[in-house]
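Notes to accompany the following structure.
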Amino acid sequence: MGIFAFGQEGILRGTVTDGKTGEGLFGIKVKIVGEDKGAVTDFDGKYEITGLPPKTYALEATGTGYKPEIKYNIVVRSGGNPDVDFVLQEEATDLEGVEIVANPFKKDKETPLSSNKLSQEEIATYPGGNNDIAKVVQSLPGVSGSVGGFRNDVIIRGGAPNENVYYLDGIEIPNINHFSTQGSAGGPVGLLNVSFFEGVTLSTSSFGAQYDNVLSGVLQFEQRTGNAREMKTNFRLSSSEAALTLEGPLFKKDKEEAKTTYIVSARRSYLQFLFQALDLPFLPDYWDYQYKINHKINKYNELNFTGVGSLDDFAINVPDEFDEEQQATLEQIPVIKQWSTTSGLSWKKRFKDVNGYMLTAVSTNILNNNFKRYQDNINLTGLYLNNVSQEQETKARYYYKRFYEKWELAFGGVVQNADYSNNTTNTVSGFNYENAINFWKYGAFVQASTKVLKDKLSISGGLRFDGNDFTNNGNDIYKTLSPRAAFSYQLDKKQRWSLNASIGRYFKLPSYTILGFTNNQGNFANRDADYIQSDHLVAGVEFLLNSSTKFTVEGFYKKYSNYPVSLTDSVSLANLGGDFSVLGNEPVTSIGLGRTYGIELLAQKKFTKHFYGVASVTFYKSEFTSFDEDVYLPSAWDNKVLISLTGGYKFGNNWEISARTRFLGKTPYAPVDVEASEQTYPALVKDYNRLGEEFLASFNQTDIRIDKKWNFEKWTLDIYFEVQNVFGQATPSEPSYGLVQDENGVPVQPIELKQFPSVATGTILPSLGIVVDF
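Shown next, in the form of structure tokens:
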């Protein structure tokens with residue numbers, strides 16, 4: 071049979087394990103839904119289904135004493151199929167004889183609501199995502215991105231981007247974007263490779279007590295384990311980058327499967343070449359890498375070594391010809407050189423009595439930021455803002471979990487060393503300092519969960535504290551006691567209806583840019599800064615229509631206190647950090663209050679009958695105070711309405727079409743103080759006294775993607791065509807300003823600023839991509 075022969079068959083493999091013990095389960099039936107094809111797991115919990123025509127399937131795992139589980143949108147190719155693993159939960163014995171609907175929308179006792187997950191296929195084929203995980207998660211309910219500008223923030227239920235934490239297989243990473251705004255976490259391009267992921271889980275409240283420093287969201291990226299049987303290669307070419315991913319066994323010798331596997335990738339941007347060809351005034355250039363090595367020591371012990379890193383260069387490009395507005399852009403953009411790296415080693419040990427496990431992880435992460443602004447960007451002269459800084463964290467985490475009949479008990483802790491250095495010159499604000507801090511952070515937690523009332527009511531409660539030896543009140547751990555509780559009650563015997571609620575108090579230490587700021591007297595000006603506090607109250611109802619469709623309604627309220635307020639601009643930091651700058655390099659005081667509240671509706675259908683879809687609507691309010699605690703002003707994220715619609719349809723012969731529509735309400739912003747800016751140009755000064763007076767127009771964008779897959783004898787090909795902003799809808803942006811010039815193009819003296827007409831234009835962005843697996 072020739073290499074280009076069609077009609078090849080694929081193989082599905084995987085492992086089924088017990089959700090409590092991690093043991094491989096023997097005798098579990100794994101079958102293709104709607105077809106007479108399947109397999110039974112062996113003594114190690116492994117299964118293999120052969121002879122599958124390449125297309126999309128649903129896969130179900132069932133066994134006596136366990137809740138059935140279905141995985142949807144499983145794409146089978148002639149080659150390069152990742153394993154499909156199941157983790158089954160025990161079924162209550164007193165529900166025997168009751169027909170339970172298989173629920174693919176699994177939830178934890180600690181987080182029974184405000185949690186959603188995207189599968190591997192949903193991530194890889196997300197329309198308009200451009201293989202950017204930070205854009206992909208914006209399809210989840212309550213999640214939005216920045217409207218104006220070249221940015222990629224993850225904003226959850228009206229909270230700032232730096233209120234989220236990110237975990238890569240249990241290893242915390244400080245940010246998920248290239249060219250990140252230090253102190254804020256947002257940036258223009260994601261740095262994680264979507265080819266790595268088994269799934270992504272987002273929790274927007276009801277956080278487990280093991281997570282520290284989180285106020286708005288926990289994003290957990292579950293990486294695939296490399297193929298244990300043979301080497302596989304994935305190559306992806308898109309409109310902005312090229313990516314190569316390799317995986318396979320190590321030290322396999324003559325065994326059928328290796329105990330050690332690897333998966334590694336590298337990505338290279340070529341946006342800089344495209345931008346240069348288009349004669350744009352800036353050139354974003356980046357590299358990134360990602361890796362994971364897994365080693366199974368024996369039946370009970372497993373090691374994971376994982377890491378990710380980036381190298382970023384945001385350079386100036388002087389066009390051959392440019393108008394006044396382009397010249398203003400050229401004068402005001404920064405020069406950024408940045409690199410980051412995270413690496414971690416985790417050891418998971420399952421107890422031999424199969425009643426629990428412990429997880430120990432050590433990791434380190436570094437962000438090096440070189441940020442400059444010049445009076446003359448063309449010749450790189452007249453430096454008026456210089457920020458050269460590095461922040462490094464070294465962490466050790468411990469997590470212990472035990473199962474006692476219907477009880478689950480977990481406890482653990484974290485110890486972190488923080489090392490931060492900064493060399494800042496800011497002639498506009500008058501700051502000039504060079505310093506370094508090194509201090510310790512620590513925390514501990516306990517969490518207990520159980521089921522009562524014939525397993526109808528699930529209850530979980532937790533408590534944690536955090537401290538540090540740098541801030542003046544850092545060791546007063548009674549001030550950071552964080553109680554939380556979650557409840558889930560099954561309203562009917564088939565477990566279709568459930569009532570869910572959670573309440574909790576969460577804390578976050580201010581960013582290193584705030585803690586490391588030094589005033590002109592050489593003192594750490596923000597050592598009195600307190601942990602930011604946020605109290606959450608969430609309640610909702612979930613209805614499982616069938617085994618693939620659910621509806622939820624949730625109401626949420628978040629109350630903030632100790633929020634940093636800028637002493638320079640007399641404004642809450644919730645209204646800063648939306649551009650390319652450094653957030654927090656200034657004196658602050660922890661007196662700000664805040665509140666975000668709203669209601670969220672979600673309808674989600676997993677892939678069945680050729681179609682899948684997610685529709686969510688969030689109505690919310692986000693507002694904060696500065697010095698007057700009775701005056702609440704809209705935050706930079708107060709859009710009030712967020713609508714997200716994502717769906718796809720798969721035709722025969724491996725054709726697929728998918729689309730996404732997003733709508734965001736009006737965005738508040740602080741207008742430019744023209745008179746003050748004429749004294750500081752090219753630095754623009756905002757007038758924060760006018761917050762709440764000016765708004766960007768609402769934002770609306772629709773993206774479409776078409777995929778076609780071919781299956782050859784030993785390799786597969788996916789070609790996709792994507793159109794972002796297919797209807798050419800205008801992207802709102804703040805008014806821009808530049809210098810008034812005479813008839814010869816020379817700036818008039820004394821300097822005067824002019825506002826350029828705000829022209830709302832919409833750009834249709836078509837692109838072509840190629841994915842090869844072999």
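Under the numbering used here, the first residue of the sequence shown is numbered 71, with each subsequent residue one higher.
In this text, a Cβ means the ideal position worked out from N, Cα and C, and glycines have one as well.
Span separating the alpha-carbon of residue i from that of residue j
i	j	result
Thr550	Asp536	6 Å
Thr331	Lys302	11 Å
Lys675	Leu341	35 Å
Pro354	Val687	34 Å
Trp499	Leu455	Per the sequence shown, the amino acid found at residue 499 is Ser instead of Trp. Each residue's Cα considered, the two are about 9 Å apart.
Thr678	Ile144	11 Å
Thr91	Val424	5 Å
Gly832	Val796	9 Å
Val259	Glu326	40 Å
Ser309	Ala230	30 Å
Asn616	Arg566	8 Å
Val206	Glu191	12 Å
Ser618	Tyr359	36 Å
Phe266	Tyr633	36 Å
Ala204	Thr274	15 Å
Arg575	Asp390	56 Å
Glu475	Ile98	22 Å
Gly212	Leu703	21 Å
Ala228	Asn387	In the sequence on display, residue 228 carries Gly and not Ala. Taking the straight line joining both Cα atoms gives about 35 Å.
Beta-carbon separation (whole angstroms), residue i vs residue j, contact threshold 8 Å
i	j	result
Ile602	Phe557	26 Å between Cβ atoms; not a contact.
Phe473	Phe515	Contact doesn't hold; Cβ gap of about 18 Å is too wide.
Pro174	Tyr142	6 Å
Phe694	Ala644	4 Å
Ala60	Thr588	An answer regarding residue 60 cannot be provided, because it is not within the stretch 71 to 844 covered by the chain.
Gln208	Ser214	6 Å
Thr430	Tyr468	5 Å
Phe249	Ile406	6 Å
Reduced DSSP secondary structure (H/G/I, E/B, other) of residue i
i	result
Ser265	helix
Gln825	strand
Gly72	Residue placement at Gly72 cannot be trusted, given a pLDDT of 36 that sits under 50; the coordinates are not used to answer.
Phe844	coil
Arg760	helix
Ser849	Summary: the structure shown does not reach residue 849, with the chain confined to residues 71 through 844, and so no result is reported for it.
Ser209	helix
Leu82	strand
Asp721	Per the sequence shown, the amino acid found at residue 721 is Phe instead of Asp. It is coil, neither helix nor strand.
Pro389	coil
Thr412	strand
Phe343	helix
Glu463	strand
Ala488	strand
Ile713	strand
Leu653	coil
Gln190	helix
Thr399	helix
Leu165	In this predicted model, Leu165 has a pLDDT of only 49, less than 50, meaning its place in the structure is not dependable enough to derive any value.
Phe835	Checking the sequence shown, residue 835 turns out to be Leu, not Phe. Leu835: strand per DSSP, three-state reduction.
Tyr281	coil
Asn232	helix
Leu754	coil
Glu394	helix
Ile448	coil
Those residues which DSSP pairs with residue i across a bridge
i	result
Pro805	According to DSSP, which records beta bridges pairwise, Pro805 is partnered with nothing at all.
Glu242	Tyr237
Leu604	According to the sequence shown, residue 604 is Ser rather than Leu. According to DSSP, which records beta bridges pairwise, Ser604 is partnered with Tyr576 and Tyr630.
Gln252	Val652
Ile363	Tyr332 and Phe375
Glu311	Ser339
Glu139	Ala131
beta-carbon residue i near the ligand SAM non-hydrogen atom, thresh 7 Å
i	result
Arg83	Absence of the ligand SAM is noted for the structure shown, with no ligands found whatsoever.
Inset, instruction - Pair every Cβ in the stretch 230–237 with every Cβ in the stretch 284–298, then say whether three or more of these pairs are closer than 8 Å. - result: yes
Determine contact between the stretch 757–772 and the stretch 728–737, defined as no fewer than three beta-carbon pairs at a distance below 8 Å.
-> yes
Between the stretch 706–714 and the stretch 748–758, do three or more beta carbon pairs fall short of 8 Å? no
Open item on the list: Check whether the stretch 417–436 and the stretch 385–401 are in contact - that is, three or more C-beta pairs closer than 8 Å.
Closed with: no
(message) I want to know whether the stretch 810–823 touches the stretch 176–190 - three or more CB-CB distances under 8 Å.
(response) no
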